[in-house]
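Those sequence lines, one after another, are chains A and B. Residue numbers are given in full-length UniProt numbering: position 114 of the first sequence equals residue 114, and the series is strictly consecutive. Residue numbers are given in full-length UniProt numbering: position 415 of the second sequence equals residue 415, and the series is strictly consecutive. Here is the structure we will look at.
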Amino acid sequence: MSSFSSSLSCPTYRSRTSSSPFLSTHHHPHHSLINVVDPRRSLSFHSASPQGPNLSELCVRSQQRKSVQSSALVQDGSVATKSSPAEELKDGLVTIPTIKAENVVAESNGEGNQSTVSITVVGASGDLAKKKIFPALFALYYEGCLPEHFTIFGYARSKMTDAELRDMVSRTLTCRIDKRANCNEKMEEFLKRCFYHSGQYDSQEHFVALDKKLKEHEGGRLSNRLFYLSIPPNIFVDAVKCASSSASSVNGWTRVIVEKPFGRDSKTSAALTKSLKQYLEEDQIFRIDHYLGKELVENLSVLRFSNLIFEPLWSRQYIRNVQFIFSEDFGTEGRGGYFDNYGIIRDIMQNHLLQILALFAMETPVSLDAEDIRNEKVKVLRSMRPIQLEDVVIGQYKGQTTGGVTYPGYTDDKTVPKDSLTPTFAAAALFIDNARWDGVPFLMKAGKALHTRSAEIRVQFRHVPGNLYNRNSGTDLDQTTNELVIRVQPDEAIYLKINNKVPGLGMRLDRSNLNLLYSARYSKEIPDAYERLLLDAIEGERRLFIRSDELDAAWALFTPLLKEIEEKKTIPEFYPYGSRGPVGAHYLAAKHKVQWGDLSLES
Amino acid sequence: MATHSMIIPSSSSSSLAATASPFKETLPLFSRSLTFPRKSWFSQFRLRFFAGKHSQQLESSNGCATNFASLQDSGDHLTEEHVTKEESTLSITVVGASGDLAKKKIFPALFALFYEGCLPQEFTVFGYARTKLTHDELRDMISRTLTCRIDQRENCGDKMDQFLKRCFYHSGQYNSEEDFAELNIKLKEKEGGKLANRLYYLSIPPNIFVDVVKCASLRASSTNGWTRVIVEKPFGRDSESSGELTRSLKQYLTEEQIFRIDHYLGKELVENLSVLRFSNLVFEPLWSRNYIRNVQLIFSEDFGTEGRGGYFDQYGIIRDIMQNHLLQILALFAMETPVSLDAEDIRSEKVKVLRSMKPLLLEDVVVGQYKGHSKGGKSYQGYTDDPTVPNHSLTPTFAAAAMFINNARWDGVPFLMKAGNALHTRGAEIRVQFRHVPGNLYKKSFATNLDNATNALVIRVQPDEGIYLRINNKVPGLGMRLDRSDLNLLYRSRYPREIPDAYERLLLDAIEGERRLFIRSDELDAAWDLFTPALKELEEMKIVPELYPYGSRGPVGAHYLASKYNVRWGDLGDA
Numbered sequence: 001m002s003s004f005s006s007s008l009s010c011p012t013y014r015s016r017t018s019s020s021p022f023l024s025t026h027h028h029p030h031h032s033l034i035n036v037v038d039p040r041r042s043l044s045f046h047s048a049s050p051q052g053p054n055l056s057e058l059c060v061r062s063q064q065r066k067s068v069q070s071s072a073l074v075q076d077g078s079v080a081t082k083s084s085p086a087e088e089l090k091d092g093l094v095t096i097p098t099i100k101a102e103n104v105v106a107e108s109n110g111e112g113n114q115s116t117v118s119i120t121v122v123g124a125s126g127d128l129a130k131k132k133i134f135p136a137l138f139a140l141y142y143e144g145c146l147p148e149h150f151t152i153f154g155y156a157r158s159k160m161t162d163a164e165l166r167d168m169v170s171r172t173l174t175c176r177i178d179k180r181a182n183c184n185e186k187m188e189e190f191l192k193r194c195f196y197h198s199g200q201y202d203s204q205e206h207f208v209a210l211d212k213k214l215k216e217h218e219g220g221r222l223s224n225r226l227f228y229l230s231i232p233p234n235i236f237v238d239a240v241k242c243a244s245s246s247a248s249s250v251n252g253w254t255r256v257i258v259e260k261p262f263g264r265d266s267k268t269s270a271a272l273t274k275s276l277k278q279y280l281e282e283d284q285i286f287r288i289d290h291y292l293g294k295e296l297v298e299n300l301s302v303l304r305f306s307n308l309i310f311e312p313l314w315s316r317q318y319i320r321n322v323q324f325i326f327s328e329d330f331g332t333e334g335r336g337g338y339f340d341n342y343g344i345i346r347d348i349m350q351n352h353l354l355q356i357l358a359l360f361a362m363e364t365p366v367s368l369d370a371e372d373i374r375n376e377k378v379k380v381l382r383s384m385r386p387i388q389l390e391d392v393v394i395g396q397y398k399g400q401t402t403g404g405v406t407y408p409g410y411t412d413d414k415t416v417p418k419d420s421l422t423p424t425f426a427a428a429a430l431f432i433d434n435a436r437w438d439g440v441p442f443l444m445k446a447g448k449a450l451h452t453r454s455a456e457i458r459v460q461f462r463h464v465p466g467n468l469y470n471r472n473s474g475t476d477l478d479q480t481t482n483e484l485v486i487r488v489q490p491d492e493a494i495y496l497k498i499n500n501k502v503p504g505l506g507m508r509l510d511r512s513n514l515n516l517l518y519s520a521r522y523s524k525e526i527p528d529a530y531e532r533l534l535l536d537a538i539e540g541e542r543r544l545f546i547r548s549d550e551l552d553a554a555w556a557l558f559t560p561l562l563k564e565i566e567e568k569k570t571i572p573e574f575y576p577y578g579s580r581g582p583v584g585a586h587y588l589a590a591k592h593k594v595q596w597g598d599l600s601l602e603s
Numbered sequence: 001m002a003t004h005s006m007i008i009p010s011s012s013s014s015s016l017a018a019t020a021s022p023f024k025e026t027l028p029l030f031s032r033s034l035t036f037p038r039k040s041w042f043s044q045f046r047l048r049f050f051a052g053k054h055s056q057q058l059e060s061s062n063g064c065a066t067n068f069a070s071l072q073d074s075g076d077h078l079t080e081e082h083v084t085k086e087e088s089t090l091s092i093t094v095v096g097a098s099g100d101l102a103k104k105k106i107f108p109a110l111f112a113l114f115y116e117g118c119l120p121q122e123f124t125v126f127g128y129a130r131t132k133l134t135h136d137e138l139r140d141m142i143s144r145t146l147t148c149r150i151d152q153r154e155n156c157g158d159k160m161d162q163f164l165k166r167c168f169y170h171s172g173q174y175n176s177e178e179d180f181a182e183l184n185i186k187l188k189e190k191e192g193g194k195l196a197n198r199l200y201y202l203s204i205p206p207n208i209f210v211d212v213v214k215c216a217s218l219r220a221s222s223t224n225g226w227t228r229v230i231v232e233k234p235f236g237r238d239s240e241s242s243g244e245l246t247r248s249l250k251q252y253l254t255e256e257q258i259f260r261i262d263h264y265l266g267k268e269l270v271e272n273l274s275v276l277r278f279s280n281l282v283f284e285p286l287w288s289r290n291y292i293r294n295v296q297l298i299f300s301e302d303f304g305t306e307g308r309g310g311y312f313d314q315y316g317i318i319r320d321i322m323q324n325h326l327l328q329i330l331a332l333f334a335m336e337t338p339v340s341l342d343a344e345d346i347r348s349e350k351v352k353v354l355r356s357m358k359p360l361l362l363e364d365v366v367v368g369q370y371k372g373h374s375k376g377g378k379s380y381q382g383y384t385d386d387p388t389v390p391n392h393s394l395t396p397t398f399a400a401a402a403m404f405i406n407n408a409r410w411d412g413v414p415f416l417m418k419a420g421n422a423l424h425t426r427g428a429e430i431r432v433q434f435r436h437v438p439g440n441l442y443k444k445s446f447a448t449n450l451d452n453a454t455n456a457l458v459i460r461v462q463p464d465e466g467i468y469l470r471i472n473n474k475v476p477g478l479g480m481r482l483d484r485s486d487l488n489l490l491y492r493s494r495y496p497r498e499i500p501d502a503y504e505r506l507l508l509d510a511i512e513g514e515r516r517l518f519i520r521s522d523e524l525d526a527a528w529d530l531f532t533p534a535l536k537e538l539e540e541m542k543i544v545p546e547l548y549p550y551g552s553r554g555p556v557g558a559h560y561l562a563s564k565y566n567v568r569w570g571d572l573g574d575a
């Protein structure tokens, strides 16, 4: 009963962390602790109206981490819901909030309120920190997802007072639309917990000083520490070294969130991992790929594994091709310095799109535990053929004037070398040589300065064998196959294109969508990916973070290609700013008998 | 070419016709619905085109537009047809013209077909009944029920006048050969020596079916064109009487002249059922006992007999709805893939399903009858309160039944039917409940009732036509909560055009000789064989129906029947 209830919402978090035994960052090899947690993240089943959840339900997480309790969970959980009144079921939420809270509080009273988490954002004055990390932390706080006692430290080289940091942070905080009520109050409270410490990224003394301050705030509680490294890759290792040796928690866990880039190829990535591992254990390293925190990417596994109707179709037998498409409608806009070193393939494909591909294509994992899922993802990556140069098209955007407005080309950007060959667009065909996917092209496309901004997964199904209605379908039979589209952003949606009879006398066929538009179905604001990932890191949930071997496998696929492109100085095909990208992408698709779903007339 | 533009309202579609499509002869009729001009050009080809293979009349095979021979633009290969078409004429005689169905459905449907250009250029509509009426009185009566499509109001008044001018009345007895001989003379006059096709719509009580068919066939058949007869249910009340009726009809008509109408088969979403199954890859792999847990066919009316129980009391809900409408839909749903979309191929597959079915057992049936109910100060009459119903009547106004198809595809899958009058809602839908996900990783997210967490496909035939697929989905937010959402297609929002009435489609099909949606004799026999034993038993054992209040959800017995087969009615759950 208690374990069931505690998993429902964040307000129970405080008691959970305090009572939880995960004090050490050194788990035994099977991560048994985590294994226990995962399957129970999802304990409530929401049957109808999502619009009316009470506040405590907004932050739904799994909480209990004791392996002992998990065995009792199934029975307890089902008993709990069985006894819940019918109206509650009807209302759509199987929550039982009140009983829960009591139970948890009761349970946790013994050791309550003794643990604390300190989150240090290293590189606090940077763009990502301002735009994403602090707002995400505030959102978590706002929704009651942070432990009762927590401290946030900004760390950077610039000199700043606590008040200046707070002022900076406060400018980007926003409240959930649906809970505006006490927003300002909450902001104040949150800002009071924010502090600043100025220091060099490679200075042990400065981190020692930070450690002192942290200790002060922790006030003798069991202290857990999370470092978010929002800094350039060349100082990753220095910061990790200093933080780990001078500012680790002595009695709780210490975890480090690292942002991409994780190297530029197999070699540099391995070197980075090796350096990090001098100071950190694998399970202290949280390699973030914020695409994995996106709502619809999270939903991908739910769709596949909690519905009967998709899994039978999920193979080469029914799927003709899969497309992963990422477009941005702006260029580097004066911030090309970092990008030019990496290019779109490293920036988007090798990580975000490949991660989504792996989730899409993996076999059913043994459980929803992080290690089980990551094992399956690695298997997919290792079954893939390294990408061939001939299966890649690269492009770079050039200046374009439309309607009196001039958009600069990539090399017009002052931070980009004039003769840069760095691709700002790439399309690639990938193949998974396993029993499920042999021969199915997985197409990826990513680009900047395109006509639209979006990220989506498109699954094109095969033709209907012996289709009775073939003659109703005109010339292009490819246009009549079913397609499942998962739009990750913007306007999150899932839709299945089906053939349908146009109402009327006679028999005309037509493609219609069976669709689910999130904004229509769920009035709640969808949390930012960073919120989810930060919370996961705090909770030690590694499912959405990238393990070293995944990273190695991902680089192994792209490194030969990237080397070849650079060595051969392959010249990217130019495309105008704001266009649909280089036409080469169509020829690449055609070569594999695919038609891009996003550029068809009726996408 | 000049007339061509007459029936193509939008210039964009006419340019399409001129350039893109090799099927231009089929375009005009449908060009109105080209809401997505570029995307749909490939799909404009009408199925009707192919149905022609089996019909003796080539000219009727191409759909409405081809009936206007003169409207064809540059159809070189059709010149041959032009000749015959221009000289052919169609006479539609509605026998029982003063009846309710004729007024509410048949004449309006005929007008709608005329309005949309689906009737041949030369046609005559005759009303036939015993009442003495003048032509004008008939026209007056008809005109009150005619309506125009919302989307083309402009020349509606004109069109109505034109239509009414083609309507005539002939009064006569249903069993009088002389009266039909007179009708024949009048028809000949109107036909003016052209090739004459004649369609009779029998909108009369079953006891005079045979008389009329005899008179019409002997005295008023076409001598040079076809003669077809549309017959409405009831087709008998059991295997015996139905067989007898068929035998009698066949004394005067050949099988292909008989068009047994089941207007549910003309409903848009029932038509779409085959399209969904056979033109999409994603459904057919799931269409079997491997993935489908049960199928539910549900029909509800929210009113009772309301003083018109005389006919109903003789038949009851099982004969009135289940044995025909629901069973027909079941057969379409469950049939194997036909060789082609031709009428005979489809009907052959349907018969196979019916013949593979286990006859309905009494223990798999729940019958009910509504009783009076007062609420909100208003009182609703019970079935036996209806003055046209005997006070002690045991006729079921509600029935639920579990049926099984003993073939390789469906063995063990319960097909549940439910039909009732005077229920809380009005609707007709097909619900497909899928099996549980084997080894579901998210099992623990579903709390108590896993049955609520299975996928379902719902095809809502009426009202608010729609299709939706119920899936499990993550509730957006931190954490992992599952939720059922619908991938849905609501016709009203996707297709703003008015959906034609089932009668329009069926009348047009009969005119065109398309038999796909009509019931063949062997289908009818097979359908009766399934229900006759249970019906006999119900009557012989005088089974007392479970009473349920007017406007309620029907007898609870239906739930117990469902639960016996591990099924939960989808329409009464959290849907």
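Positions of the beta carbon are idealized from the N, C-alpha and C atoms, including for glycine.
For this session: Mark A/ASN54 as exposed unless 16 or more other C-beta atoms lie within 10 angstroms of its C-beta, in which case mark it buried.
Result: Per-residue confidence for A/ASN54 stands at a pLDDT of 37, beneath the threshold of 50, marking its modelled position as unreliable; the derived number appears in the next sentence. With fewer than 16 Cβ atoms within 10 Å of its Cβ, A/ASN54 is classed as exposed.
For this session: Within its chain, find whatever has a CB closer than 6 Å to the CB of A/LEU296; leave out the 5 residues flanking it on each side and keep chain order.
Result: Correct list, in chain order: ILE486, VAL488 and GLU492.
Exercise. Is there contact here, the stretch 585-600 of chain A with the stretch 417-424 of chain A, by at least three beta-carbon pairs under 8 Å?
Worked result: Output reads no: the stretch 417-424 of chain A does not touch the stretch 585-600 of chain A.
Exercise. What residue does the alpha helix (DSSP H) around B/GLY266 start on, and which one ends it?
Worked result: For B/GLY266, no alpha helix (DSSP H) segment is defined, and its DSSP state is neither H nor E.
Exercise. When the Cα atoms are used, what is the spatial distance from B/ILE317 to B/LEU572?
Worked result: Taken atom to atom, the span from the alpha-carbon of B/ILE317 to that of B/LEU572 is near 20 Å.
Exercise. In whole angstroms, what is the alpha-carbon distance linking A/LYS398 and A/PHE574?
Worked result: One C-alpha to the other measures close to 6 Å.
Exercise. Excluding sequence positions up to five away, which residues of its chain have a Cβ less than 7 Å from the Cβ of A/LYS130?
Worked result: Result list for A/LYS130: MET168 and THR172, in chain order.
Exercise. Where does A/PHE330 land, buried or exposed, given buried means 16+ other C-beta within 10 angstroms?
Worked result: Exposed: under 16 other Cβ atoms inside 10 Å.
Exercise. On the three-state DSSP scale, how would you describe A/GLN114?
Worked result: DSSP places A/GLN114 in the coil class of the three-state scheme, outside both helix and strand.
For this session: Run through the stretch 429-490 of chain A for me and flag every whole beta strand (DSSP E) of 3 or more residues, listed as ranges in chain order.
Result: Those beta strand (DSSP E) runs which fall completely within the stretch 429-490 of chain A and span 3+ residues are 442-447, 454-461 and 483-489.
For this session: Please confirm if the stretch 381-392 of chain A is in contact with the stretch 315-334 of chain A, defined as three or more CB-CB distances below 8 Å between the two stretches.
Result: The count of Cβ pairs closer than 8 Å, one atom from the stretch 381-392 of chain A and one from the stretch 315-334 of chain A, stays below three, leaving the stretches out of contact.
For this session: Would you mind sorting A/VAL594 into buried or exposed? The rule is 16 or more other CB atoms within 10 Å of its CB.
Result: Result: buried.
For this session: Would you please verify whether the beta carbon of A/ILE119 is less than 8 Å from any beta carbon of chain B?
Result: Residue-level contact by beta carbon fails for A/ILE119 and chain B, as no gap is shorter than 8 Å.
Problem set entry | Residue-level contact to chain B via CB, A/THR481, 8 Å cutoff | At a cut-off of 8 Å between C-beta atoms, A/THR481 counts as an interface residue with respect to chain B.
For this session: Provide the residue span of the alpha helix (DSSP H) that contains A/ALA247, from first to last.
Result: The continuous stretches of alpha helix (DSSP H) do not include A/ALA247, and DSSP gives it neither H nor E.
Exercise. Taking Cβ positions, are B/ARG237 and B/ARG308 nearer each other than 8 Å?
Worked result: Annotated as distal: B/ARG237 and B/ARG308, with beta-carbon spacing of 8 Å or more.
Exercise. For the candidate residues B/ALA562, B/LEU538 and B/PHE531, whose alpha-carbon lies nearest to that of B/GLU240?
Worked result: B/GLU240 has its Cα closest to that of B/PHE531, out of B/ALA562, B/LEU538 and B/PHE531.
Exercise. Along chain A, which residues have their Cβ under 7 Å away from the Cβ of B/TYR491?
Worked result: Neighbours of B/TYR491 on chain A, chain order: PRO503.
For this session: Mind reading off the beta-carbon distance from B/GLY172 to B/ARG198? Whole number of angstroms is fine, and I expect it under 8 Å.
Result: In fact, because the Cβ distance is near 16 Å, the residues do not count as touching under 8 Å.
Exercise. Going along the chain, which unbroken runs of the beta strand (DSSP E) with 3 or more residues stay wholly within the stretch 186-235 of chain B?
Worked result: Uninterrupted beta strand (DSSP E) stretches at least 3 residues long and entirely within the stretch 186-235 of chain B occur at 195-202 and 227-231, given in chain order.
Problem set entry | Chain-ordered chain B contacts of A/LYS524 [CB-CB under 7 Å] | Within chain B, the residues whose beta carbon sits less than 7 Å from that of A/LYS524 are PRO476 and GLY477, listed in sequence order.
Exercise. Using a Cβ-Cβ cut-off of 8 Å (strictly less than) and excluding sequence neighbours within five positions of B/HIS392, which residues of its own chain qualify?
Worked result: Scanning its chain for C-beta atoms nearer than 8 Å, with the 5 sequence neighbours on each side dropped, one finds around B/HIS392 the residues THR384, in chain order.
Exercise. Quick one: what's A/ARG157 bridged to in DSSP?
Worked result: When beta bridges are read from the DSSP output, A/ARG157 appears opposite no residue.
Exercise. For the stretch 436-466 of chain B, which residues have a beta carbon sitting closer than 9 Å to at least one beta carbon of chain A?
Worked result: Within the stretch 436-466 of chain B, the qualifying residues are HIS436, VAL437, PRO438, GLY439, ASN440, LEU441, TYR442, LYS443, LYS444, SER445, PHE446, ALA447, THR448, ASN449, ASN452, ALA453, THR454, ASN455, LEU457 and GLU465.
Exercise. Between the Cα of B/PHE147 and the Cα atoms of B/GLU349, B/ASP136, B/VAL365 and B/LYS159, which residue gives the shortest distance?
Worked result: Here the sequence assigns Thr to residue 147 of chain B, which means Phe is not the residue at that position. Checked all of B/GLU349, B/ASP136, B/VAL365 and B/LYS159; the closest Cα to B/THR147 is B/LYS159.
Exercise. Excluding five sequence neighbours on each side, which residues of the same chain lie with their C-beta closer than 6 Å to the C-beta of B/THR395?
Worked result: Correct list, in chain order: ASP313 and GLY316.
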